[in-house]
Amino acid sequence: MAILINKDSRIVIQGITGREATMITKHTLDYGTRVLAGVTPGKKGQDVHGVPVYNTVREAVEEHQVNTSLIVVPPAFALDAVLEAVDNGIQVVVVTTENIPQLDILKMLHAARQNGVRIIGPNTVGMINPGDRIKLGSIGGDNPERCFVPGHVGVISRSGGMTAETSWMVKRAGFGVSTSVGIGGDGLIGSSIRDLLELFEQDPNTHAVVTFSEPGTMFEEQAADFLREGGFTKPLISYIAGRFTENMPEGTVFGHAGAMIAGDVGRPSVKARKLREAGAIVVDRYDDMIDVLRSVLSEKAVK
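With our numbering, letter number 151 in the sequence shown gets 536, and the count goes up by one each step, no holes.
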């Protein structure tokens with residue numbers, strides 16, 4: 386098992402005829418993922434690497450009963466694409482688009498919540514389930530096996546690039562991942578660390594979770610509260626990048642739009658302290674993750 390995507394996912398790619406989406410489609414198909422349909426208004430009848438293209442999501446649903454969407458469209462069209470997916474019963478939506486206006490993001494997140502739809506992103510590299518050889522987004526590029534192998538460790542990362550690197554650390558430790566998710570680097574996203582910990586808690590194939598975090602937002606503090614309340618009971622290993630940012634002028638954005646400190650909100654030191662107090666293992670050096678994983682999972686195996 387895994388979370389969010391599996392061999393039963395029926396995938397449509399919205400914006401499939403665009404240059405980036407065409408490349409992502411090829412890499413996705415080469416990995417073994419089944420993509421049943423694509424959508425680009427006005428392009429019905431074409432195909433992208435053998436995937437039939439339709440004008441609307443409704444047509445893709447009627448023809449292929451798709452239930453999972455990857456959205457690769459320009460920022461101005463992202464809200465309409467998400468609303469179209471939600472209105473047609475799509476249950477999981479991965480939004481790769483960055484630089485979406487915040488008001489549009491609020492509207493899409495509200496619509497998704499009202500309809501019980503799970504959004505990953507926006508501004509996400511996507512997610513991958515190596516056991517079922519399913520990936521959505523640019524995650525893993527054209528060689529996912531370099532970093533992503535099947536196993537029992539969940540990975541959550543706010544950074545797209547570090548989603549792969551953290552999964553590679555799991556591989557170096559001698560383990561593999563159940564599902565690896567890049568949640569997106571914006572301050573407004575569809576699924577937070579806490580949200581995904583809740584799903585990993587319910588997944589019997591996930592024995593531990595590793596998170597890669599950054600300055601900014603309250604995502605880690607919310608995750609700490611969830612641990613303290615008993616919502617997540619498996620081992621949680623966290624690394625929080627960017628401790629140097631606490632010495633920089635307040636309000637400075639570091640890389641991602643959501644990586645900004647204001648007062649005590651978003652400080653790596655505060656995040657680390659609260660996670661430790663809640664029972665998570667917070668590593669000070671990224672490479673320490675390898676030894677900690679080996680120790681934690683070997684102890685779990687003994688128990």
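We treat Cβ as the ideally placed atom computed from N, Cα and C, and that holds for glycine.
Per DSSP, reduced to three states, the secondary structure at Ser544 is coil, with no helix or strand assignment. Spatial neighbours of Glu583 in its own chain (CB-CB distance under 8 Å, excluding positions within 5 residues in sequence) are listed in chain order as Phe611, Gly616 and Phe617.
Counted as a single uninterrupted DSSP element, the alpha helix (DSSP H) harbouring Pro653 occupies residues Pro653 to Ala663. One alpha carbon belongs to Lys556, the other to Gly575, and they sit about 28 Å apart.
Cβ-Cβ distances below 8 Å link Asn391 to Asn514, Asp517 and Ile519 in the same chain, with the five nearest sequence neighbours on each side left out; the list follows chain order.
For Arg661 and Asn440, the gap between their C-alpha atoms comes out near 50 Å. Here the alpha carbons of Ala657 and Ala549 stand approximately 22 Å from one another.
The closest CA to that of Ile490, considering only Asn590, Gly572, Thr402 and Val668, is found on Gly572.
Taking the CA atoms as reference points, Val471 sits about 9 Å from Val477.
Contact check for Thr509 and Gly423: beta-carbon distance about 19 Å, past the 8 Å limit, so the pair fails to qualify. In terms of CA proximity to Asn500, Ile475 leads the group Pro535, Thr481 and Ile475. Around the beta carbon of Glu448, fewer than 16 other beta carbons lie within 10 angstroms, which makes this residue exposed. Judged by beta-carbon spacing, Ala665 lies beyond the 8 Å limit of Ser598, meaning their Cβ atoms are not closer than that value. Within 10 angstroms of the beta-carbon of Gln587 lie fewer than 16 other beta-carbons, which makes it exposed. Membership of Met603 in any beta strand (DSSP E) is not indicated, and neither H nor E is assigned to it by DSSP.
Boundaries of the alpha helix (DSSP H) harbouring Thr407: Arg404 to Tyr416, taken from the DSSP string. Within the segment 461-524, the runs of alpha helix (DSSP H) that reach at least 4 residues and sit entirely inside it are, in chain order, 487-499. Under a 10 Å Cβ-count criterion, Gly545 is classified as buried, with 16 or more other Cβ atoms of the shown protein chains found around its own Cβ. If you compare the alpha carbons of Pro486, Gly403 and Phe604 with that of Gly651, the shortest gap goes to Phe604. DSSP places Ala609 in the helix class (H, G or I) of the three-state scheme.
Only exposed fits Gln450, as fewer than 16 other CB atoms lie within 10 angstroms of its CB.
DSSP, read as helix, strand or coil, puts Leu582 in helix.
Closest by C-alpha distance to Gly601, out of Met554, Pro653, Leu621 and Thr564, is Pro653. Here DSSP, grouped into helix, strand and coil, assigns Val442 to helix. The shortest C-alpha to C-alpha distance from His592 to any of Ala463, His434, Gly561 and Ala626 is the one to Gly561.
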